[in-house]
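Take a look at the structure set out below.
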Amino acid sequence: MLNTFELGPRLHTPAPDFRIGDHNQISRQLDDLMGPRGLILGFLGDIWLSASVRRIIWLQRHASTFIRAGFNVGLVIRDQPHMLYGFYISSPTPLEFPLLADVRGEVHQRYNMTDHPGLVLLDRSRIIRHKWLMPDERVWPKIQEMLDMLQTLD
Numbered sequence: 012m013l014n015t016f017e018l019g020p021r022l023h024t025p026a027p028d029f030r031i032g033d034h035n036q037i038s039r040q041l042d043d044l045m046g047p048r049g050l051i052l053g054f055l056g057d058i059w060l061s062a063s064v065r066r067i068i069w070l071q072r073h074a075s076t077f078i079r080a081g082f083n084v085g086l087v088i089r090d091q092p093h094m095l096y097g098f099y100i101s102s103p104t105p106l107e108f109p110l111l112a113d114v115r116g117e118v119h120q121r122y123n124m125t126d127h128p129g130l131v132l133l134d135r136s137r138i139i140r141h142k143w144l145m146p147d148e149r150v151w152p153k154i155q156e157m158l159d160m161l162q163t164l165d
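If you read the sequence shown in the numbering used here, its first letter stands for residue 12, the second for the next number, and so on.
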């Protein structure tokens, strides 16, 4: 993982709000995505890059664990809604989270996530509590590391 202290969003600050369309072209905002305990918000570039596909499959595999813990998942992707829809309908198993089309990269910019794929953890008050910025050769953090971090939020 990258040393993320200076990269990505500032910790312990309110998460920037946004309104963008999802893979079904339904307008979503931050409050719509929040779970009872918070949100894991992912950021990716082009959806069909092999690294992006690996990351989506990883999130798909673990999303139910996060949701059971009270944290919804959302994935902000720098791509067109029709590309996200194509990925969504081609997935062999249904995705349990929305794919959000950040066509112009405005949400990526608000969260300072333009240069690296990553995950941002928000608590139920929409405060940024943790972030993981990933180099190209890594998919996401280890699941246990994330679960340990989720347990610290109450």
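Glycine is no exception: its CB is placed at the ideal position from the N, C-alpha and C atoms.
According to the DSSP assignment, ILE139 belongs to the beta strand (DSSP E) that extends over 139-144. Secondary structure note for VAL87: its beta strand (DSSP E) is the uninterrupted segment 82-88.
Contact check for PHE29 and GLN40: beta-carbon distance about 6 Å, within the 8 Å limit, so the pair qualifies. Inclusion of ARG137 and PRO25 in the CB contact set at 7 Å is warranted, their separation being smaller than that value. The Cβ neighbour count for ILE139, taken over all protein chains shown within 10 Å, is at least 16; the residue is labelled buried. Using a 10 angstroms sphere on the CB of LYS142, the tally of other CB atoms reaches 16 or more, which defines it as buried. In the DSSP assignment, GLY19 forms no beta bridge with any residue.
Taking LYS153 as reference, the option from ARG89, PHE98, ARG66 with the minimal CA-CA separation is ARG66. Between the C-alpha atoms of TYR99 and HIS34 there is a straight-line separation of about 7 Å. For LEU52, the beta-bridge partners assigned by DSSP are GLY85, VAL131. In summary, HIS93 is exposed, with fewer than 16 beta-carbon neighbours lying within 10 Å of its beta-carbon over all protein chains present.
By the CB criterion at 7 Å, PHE108 and VAL84 fall inside the cutoff.
In terms of CA proximity to TYR122, PHE54 leads the group PHE54, ALA80, SER63, MET45.
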